[in-house]
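Just so we're aligned: the sequence shown equals residues 17 to 243 in the numbering used here.
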Amino acid sequence: GATALVDAGDATAALAALAETGWSLSQIWLTHHHGDHTAGTTEIVAATGAGVHGPASIASVTTPVADGGEIDFGGVKVTAIATPGHTMDMLNFHIPSEKLLFTGDTLFAMGCGRLFEGDAATMWASLCKLMSLDDETVIYCGHEYTAANADFALSVDPDNDALLRRVAAVRDLRSAGQPTIPTMLALEKLTNPFLRASDPSIRAHLGMADADDVDVFTEIRLRKDNF
17 GATALVDAGD ATAALAALAE TGWSLSQIWL THHHGDHTAG TTEIVAATGA
67 GVHGPASIAS VTTPVADGGE IDFGGVKVTA IATPGHTMDM LNFHIPSEKL
117 LFTGDTLFAM GCGRLFEGDA ATMWASLCKL MSLDDETVIY CGHEYTAANA
167 DFALSVDPDN DALLRRVAAV RDLRSAGQPT IPTMLALEKL TNPFLRASDP
217 SIRAHLGMAD ADDVDVFTEI RLRKDNF
């Protein structure tokens with residue numbers, strides 16, 4: 017079999033997981049250049065010999081991939097999707113046959129990445145790309161920010177029954193020390209305010225009933241930055 021590591025921020029944790037499972041690492045897929053996603057790459061490669069796939073902007077990448085590029089993962093096709101916004105080199109990794117998506121810091125459970133390099137229009141276009149995928153796509157993101165994201169989501173989408181139910185479930189999971197990841201695209205479309213810029217109830221709450229989707233998204237992102 018083949019084993020891939022998505023992002024390599026922590027070499028100690030990654031190598032410990034490999035030792036515990038007995039798996040042999042064949043590939044590392046890097047989503048973007050930030051240190052919390054790349055800092056352990058050199059040490060992990062030295063220990064495992066794994067090839068490194070990711071944006072050409074990252075020095076440790078041995079096989080650069082760009083939008084639409086494919087990785088052969090043990091005979092399974094992995095497609096890179098460029099999702100600029102959080103950074104301009106951001107890639108997401110999609111396995112269509114398994115309905116799996118690794119989103120790095122583009123899309124989180126009930127959240128999206130802060131705009132360090134791209135603008136809101138760029139990020140909105142990236143999120144629209146992801147929303148075009150199968151609703152049953154299972155999403156693994158780069159951070160467990162879900163509880164904080166839930167609190168913000170309630171502030172802009174307070175009348176969303178699906179969101180209220182999800183927030184209760186998230187609080188139960190976190191209080192029990194359990195992860196909220198993975199999530200599913202269909203659930204994000206129902207409860208993630210950053211995917212709901214076209215939703216009439218959010219627009220009404222923001223006083224932006226007739227605004228463009230990009231303008232609504234921009235306002236939601238600005239509010240999250242200041243939340």
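Backbone N, C-alpha and C fix where the C-beta goes; we use that ideal spot for every residue, glycine too.
Point to revise | Close-in-space but distant-in-sequence residues of the same chain around I87 (CB under 6 Å, 5 per side omitted) | key: H69 and V94
Practice item. With I87 as the anchor, note down where its beta strand (DSSP E) starts and where it stops. Key: E86 to F89
Review point. Under the DSSP definition of a beta bridge, which residues are partnered with V94?
Key: I87
Exercise for review: Name, in chain order, the residues that DSSP records as bridge partners for F118.
Suggested key: F109 and Y156
Review point. If you run the structure through DSSP and keep just helix, strand and coil, what is P216?
Key: helix
**Study point:** C-beta atoms of N108 and L116 nearer than 8 Å
**Key:** no
**Study point:** Buried versus exposed call for D105 [16 or more other C-beta atoms within 10 Å across all chains shown]
**Key:** buried
Exercise for review: Name, in chain order, the residues that DSSP records as bridge partners for T103.
Suggested key: Answer is none; T103 lacks a bridge partner.
Check your understanding: According to the Cβ coordinates, are A96 and G84 closer than 8 Å?
Key -> yes
**Study point:** Cβ pair count under 8 Å reaching 3, the stretch 205-213 against the stretch 231-240
**Key:** yes
**Study point:** Cβ contact check for the stretch 212-224 and the stretch 145-160: 3 or more pairs under 8 Å
**Key:** no
Check your understanding: Where does the unbroken beta strand (DSSP E) through I44 begin, and where does it stop?
Key -> Q43 to W45
**Study point:** Counted within 10 angstroms of its Cβ, other Cβ atoms place S142 as buried (16 or more) or exposed
**Key:** buried
Review point. When DSSP labels each residue in this structure, what does P80 get in the three-state scheme?
Key: strand
Check your understanding: Would you report the Cα separation of L170 and A98, rounded to the nearest angstrom?
Key -> 29 Å
Review point. With distances taken between CB atoms, is the gap from A27 to I74 smaller than 8 Å?
Key: no
Review point. What do you reckon, are the CB atoms on T199 and R190 nearer than 8 Å?
Key: no
Practice item. Can you give me the Cβ contacts of L31 inside the same chain, cut-off strictly under 7 Å, excluding the 5 residues immediately before and after it? Key: I60 and A63
Exercise for review: Please name the residue in H50, C128 and P112 whose C-alpha comes closest to that of E204.
Suggested key: C128
Point to revise | Span of the beta strand (DSSP E) around A20 | key: A20 to V22
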